[in-house]
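*Asks:* In the working numbering, the protein residues as written are 770 to 994. Take this structure first; my questions come after.
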Amino acid sequence: MADPFVELRDVTKAYRRDESEVPVLNGVDLTIGRGERVSIMGRSGSGKSTLLNILGCLDVPSSGEYRLDGHDVSHLSDNELSRLRNATFGFVFQSFHLLKGLTIAENVELPLEYCEGGASHRDRALELLTLVGLEHRLSHRPNELSGGERQRVAIARALANHPKLLLADEPTGALDSKAQRAILDLFTRVHRSLGTTLVIVTHDPKVAEELGDRVIHMSDGRVGG
C-alpha cells in the first residue's frame, strides 16, 4: 500500500434515539493509502454513508481514533473541523446539491469564497469546467442541465480547493446508463491527472470494481475485505 493517508482505529458511532443509543459503526479499522481509490459497498443501513461522513469530518466518532495524513482529527473543535473540511476534502453527492439560483460557474466558485489569495475564482471555475467538458455552459443554471451535466458540475465544484481526499456518495445512483458512463470516465480521468485519493460509496458492483483499486464491504457497521 502507498503511504497511509487515512487511518481509522476501532472507530464506533452511535446515535441517540429517544432514551437509547443506536450503534451504526462497530469498531471499524481502515487504512487508505495516499492516492488510492477505494470503493465501499454494503446494504442500506450497513453504515457506509456514516463512515463516509466521518472520513470527511462531517461527523465525529463516538470512540476510536481517526488519523488523517498523520494527524489525529478525532477530537477537533467545530471550527477546526470546518477549516479542515474546506482545505482537505471534496464532496460529491447523489443529489448534486447545486444552488439553483447560481450559474454553474458561480456554483463551482462557491468553495473558493472561503479561501484567500491564488488565482481569480472565475479562472479556477473555468479551468475545472473545462476539465469536465462544460466550459461552454458557464452562464447556465442547474435546471438547464441534464442530470449527468449537473453531476459533472458537482465534481468540478468538489475539486475547486485542490482537495487531498475526494469523497463521493452514490455519485452515479441518479443517472441513466449513458450519463453514468460519462461520470465513471470523468472520475478515472480526474484520478489519473490529479492523483487525488478517492473514496466512493456505491451499491453498484460494476461501479465499485471500475473505480476502486480496492473494494471494501460493510455489514452491520463493520468493515470486511
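Ideal Cβ placement from N, Cα and C applies to all residues, glycine included.
May I ask you to list the residues that DSSP assigns as paired with L944?
*Replies:* Translated into the one-based positions of the sequence shown, residue 944 becomes position 175. DSSP, once it has assigned bridges, lists no residue as partnering L944.
*Asks:* Go through its chain and collect everything with a Cβ distance to L867's Cβ below 8 Å, but skip five positions before and after it.
*Replies:* Within the sequence shown, residue 867 is the residue found at index 98, counting from 1. Same-chain partners within the cutoff: I873, N876, P911, R919, V922, A923, R926.
*Asks:* If you draw a straight line from the alpha carbon of T819 to that of D828, how long is it in whole angstroms?
*Replies:* The residue labelled residue 819 in the question sits at position 50 within the sequence shown. The residue labelled residue 828 in the question sits at position 59 within the sequence shown. Cα-Cα distance, rounded: 8 Å.
*Asks:* Within 10 angstroms of the Cβ of T971, are there 16 or more other Cβ atoms? Answer buried if so, exposed if not.
*Replies:* Stepping through the sequence shown from its first residue, residue 971 is reached at position 202. Its Cβ being crowded by 16 or more others within 10 Å, T971 is buried.
*Asks:* Considering only their Cβ atoms, is the gap separating V807 from L963 smaller than 9 Å?
*Replies:* In the sequence shown, counting from the first residue as 1, residue 963 sits at position 194. In the sequence shown, counting from the first residue as 1, residue 807 sits at position 38. No. Outside cutoff.
*Asks:* Name the residue from L871, D989, T965, A943 whose alpha carbon lies nearest to the alpha carbon of D973.
*Replies:* For this step, residue 973 is matched to residue 204 along the sequence shown. The residue from L871, D989, T965, A943 with its alpha-carbon nearest to that of D973 is A943.
*Asks:* Among K869, S831, R836, whose alpha-carbon lies nearest the alpha-carbon of L799?
*Replies:* Residue mapping note: residue 799 aligns to position 30 of the sequence shown, counting from 1. Checking every option, the nearest Cα to that of L799 belongs to R836.
*Asks:* Given this structure, state the Cα-to-Cα distance separating G887 from A856, to the nearest angstrom.
*Replies:* For this step, residue 887 is matched to residue 118 along the sequence shown. For this step, residue 856 is matched to residue 87 along the sequence shown. With a pLDDT of only 48 at G887, under 50, the local geometry of the prediction cannot be trusted, and no value is derived from it.
*Asks:* Looking at the structure shown, is P932 part of a helix, part of a strand, or coil, going by DSSP?
*Replies:* The residue you call residue 932 lines up with position 163 of the sequence shown. Residue state, collapsed to three classes: coil.
*Asks:* Exposed or buried, L992, counting other C-beta atoms within 10 Å across all chains shown (16 or more means buried)?
*Replies:* Walking along the sequence shown from the start, residue 992 turns up at place 223. Note that residue 992 corresponds to Val in the displayed sequence, not to Leu. Per the 10 Å Cβ criterion, buried.
*Asks:* Starting from the C-beta of H909, find all residues in its chain whose C-beta is less than 7 Å away, skip the five residues before and the five after it, and write them out in chain order.
*Replies:* Along the sequence shown, read from residue 1 onward, the residue named residue 909 stands at position 140. Only residues of its own chain outside the window of five on either side were considered, and among them T872, I873 have a CB closer than 7 Å to the CB of H909, listed in chain order.
*Asks:* Which one of H840, L853, R778, E805 has the shortest CA to CA distance from G825?
*Replies:* Here residue 825 is taken as the residue at index 56 of the sequence shown, counted from 1. Selected option, being the one with the closest Cα: L853.
*Asks:* Just the C-alpha distance for N795 and I823, rounded to the nearest angstrom, thanks.
*Replies:* The residue labelled residue 795 in the question sits at position 26 within the sequence shown. The residue labelled residue 823 in the question sits at position 54 within the sequence shown. Going by the C-alpha atoms only, they are around 13 Å apart.
*Asks:* Within the same chain, show all residues whose beta-carbon is closer than 8 Å to that of F956, passing over the 5 residues directly before and after it, in chain order.
*Replies:* Within the sequence shown, residue 956 is the residue found at index 187, counting from 1. Result list for F956: I924, A937, P940, L967, I969, L980, in chain order.
*Asks:* Using the C-alpha atoms, what's the distance from A948 back to F862?
*Replies:* Mapped onto the sequence shown, residue 862 falls at position 93. Mapped onto the sequence shown, residue 948 falls at position 179. Distance between the alpha carbons of F862 and A948 is about 15 Å.
*Asks:* Go through its chain and collect everything with a Cβ distance to D982's Cβ below 8 Å, but skip five positions before and after it.
*Replies:* To locate residue 982, count along the sequence shown from 1; it is residue 213. Excluding positions up to five away in sequence, the list reads E805, R806, V807.
*Asks:* Give every residue of the same chain whose Cβ lies closer than 8 Å to the Cβ of E878, excluding the five residues on either side of it in the sequence, and list them in chain order.
*Replies:* Within the sequence shown, residue 878 is the residue found at index 109, counting from 1. So the qualifying residues of the chain are H890, R891, R893, A894, A929.
*Asks:* Taking only runs of the alpha helix (DSSP H) that begin and end inside the stretch 826 to 877, which ones reach a length of at least 4 residues, in chain order?
*Replies:* List check, alpha helix (DSSP H) in window: 847 to 857.
*Asks:* Mind checking G814: buried by the 16 CB within 10 Å criterion, or exposed?
*Replies:* Position 45 of the sequence shown, counted from the start, is the residue given in the question as residue 814. G814 comes out exposed.
*Asks:* With a 10 Å radius around its C-beta and 16 neighbouring C-beta atoms as the bar for buried, classify G870 as buried or exposed.
*Replies:* Within the sequence shown, the letter at position 101 stands for residue 870. Exposed.
*Asks:* Could you tell me which uninterrupted beta strand (DSSP E) segments, each at least 3 residues in length, are contained entirely in the stretch 792 to 832, listed from first to last along the chain?
*Replies:* 806 to 811
*Asks:* Applying the criterion that 16 or more other CB atoms from any shown protein chain within 10 Å of the CB defines a buried residue, is A899 buried or exposed?
*Replies:* Position 130 of the sequence shown, counted from the start, is the residue given in the question as residue 899. Residue 899 is actually Thr in this sequence, not Ala. The residue in question, T899, is exposed, as its Cβ has fewer than 16 Cβ neighbours within 10 Å.
*Asks:* Given a cut-off of 9 Å, decide if P830 and S843 are closer than it, judged by their beta-carbon atoms.
*Replies:* Here residue 843 refers to the residue found at position 74 when the sequence shown is read from its first residue. Here residue 830 refers to the residue found at position 61 when the sequence shown is read from its first residue. Taking 9 Å as the Cβ cut-off, S843 and P830 qualify as a contacting pair.
*Asks:* Note down, in chain order, each residue of its chain lying with its Cβ closer than 8 Å to the Cβ of D945, except the 5 sequence neighbours on either side.
*Replies:* Here the question's residue 945 lines up with position 176 in the sequence shown. So the list reads G916, G917, once near-sequence residues are dropped.
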